[in-house]
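Positions 0 to 253 (numbering that gives the first Met the number 0) are the ones given, in order, by the sequence shown.
Below: the structure, in structure tokens.
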Amino acid sequence: MFRVVIADDEEIIRNGLKRLIESYDLDLTVVGTGEDGEEALKLIREYLPEIILMDINMPFMNGLEVIEKTRELDPNAKIIIISGYDQFEYAQKALELGVFSYLLKPIQYKDFKNIMVKAIDSYSERIWELNKLKENNAELTNHQCIGSQIINYIKKNFNQNELTLNFIAEQLHISQSYITKIVKQKTGISFTDYLNKLRINMAIKLLMDKDSYHTVNEIANMVGYSSQHYFSRAFKNYTGLSPVQYRNKNENIQ
């Protein structure tokens, strides 16, 4: 049900609009009517109506002032001005405030229902767009969180020999294809290349560790390779040298 607030200093117009709206077979309910700007703003703050019918010339606070304050409360409300003023400055200001429609008194009642229908449709479309945007943002945030979770998991467990796409998928309850996609997006390289990069970089640190000497086979096991042969081949593909050659070369440099 769409809530409507009517604000006009003429009682006959307020009541007439209320009866007219209630006579339509539309999803509308008039939640309040106000005879001046301050009363109108109070009703708007209380009910946050989706549709507002607003006169411009009212006591205490004119309609344009009320609309300015209303926009701070709800930028999406559909505001329809009903006024006896057709001066350009009023219409221009109304447009600046995002007024949905500007009707001149006396109101052409045969067109009034169509305007209300259009206001309902416009508000519904806007809320749908906002909800879709929220869903997309939530999906993006969730995607980013999952991406960070995957990368952190690989960084933490890269030295485990059983770390494969299938193993990670089972542990994190995520498909292998999604993991492959995320790793590519986050690192710019494939899952296998990223895993080898982490392992080889750690192997280099262990090879050059002056405080602890490790054999090539020990290092292979420490960084997650089950085979020294496979480790040596991966190491050479990454550095251009075998583990022994790399160690000897850099020891000589030092």
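Note that the Cβ used here is the ideal one computed from N, Cα and C, for glycine as well.
The structure presented is a predicted model; accordingly, all values stated were derived computationally and were not measured.
For residue i, the nearest candidate out of the options (CA to CA)
i      : options                        : result
Ile81  : Asp73, Pro74, Lys196, Asn56    : Asn56
Tyr193 : Asp208, Pro58, Glu169, Tyr152  : Tyr152
Lys235 : Asn220, Ile173, Ala202         : Ala202
Ile43  : Gln175, Gln107, Val4           : Val4
Glu38  : Glu49, Met53, Asp26            : Met53
Leu206 : Tyr122, Ile188, Gln244         : Gln244
Gly62  : Leu72, Glu34, Leu132, His228   : Glu34
Leu164 : Ile106, Leu132, Gln175, Glu10  : Gln175
Asn200 : Lys209, Lys154, Gln227, Lys109 : Lys154
Val65  : Tyr46, Gly36, Glu45, Lys92     : Gly36
Ile149 : Ser226, Asn249, Ile188, Ala168 : Ala168
Ser123 : Leu197, Arg2, His228           : Arg2
Bridge-paired residues (DSSP) for residue i
i    : result
Phe1 : Leu27
Ala6 : Gly33, Met53
Cβ-based burial, residue i [other Cβ within 10 Å; buried from 16]
i      : result
Gly97  : exposed
Tyr224 : buried
Lys77  : buried
Thr32  : buried
Val182 : buried
Pro58  : exposed
Within-8 angstroms CB hit, residue i to chain B
i     : result
Asn56 : Annotation note: the requested chain B is absent from the structure, which comprises a single protein chain.
Rounded C-alpha distance that separates residue i from residue j
i      : j      : result
His213 : Pro242 : 11 angstroms
Arg232 : Gln159 : 18 angstroms
Pro74  : Thr28  : 20 angstroms
Asn135 : Tyr177 : 18 angstroms
Val222 : Phe157 : 7 angstroms
Ile173 : Asn130 : 26 angstroms
Lys17  : Ser147 : 55 angstroms
Ser121 : Ile50  : 11 angstroms
Cys144 : Gln184 : 13 angstroms
Asp19  : Val116 : As written in the sequence, residue 19 is Leu, which differs from the Asp given in the question. The alpha-carbon atoms of Leu19 and Val116 are separated by roughly 13 angstroms.
Pro105 : Lys133 : 41 angstroms
Reduced DSSP secondary structure (H/G/I, E/B, other) of residue i
i      : result
Met221 : helix
Thr32  : strand
Tyr152 : helix
Leu72  : helix
Ser82  : strand
Met60  : coil
Met53  : strand
Leu102 : strand
Lys77  : strand
Pro242 : helix
Thr214 : coil
Gly146 : helix
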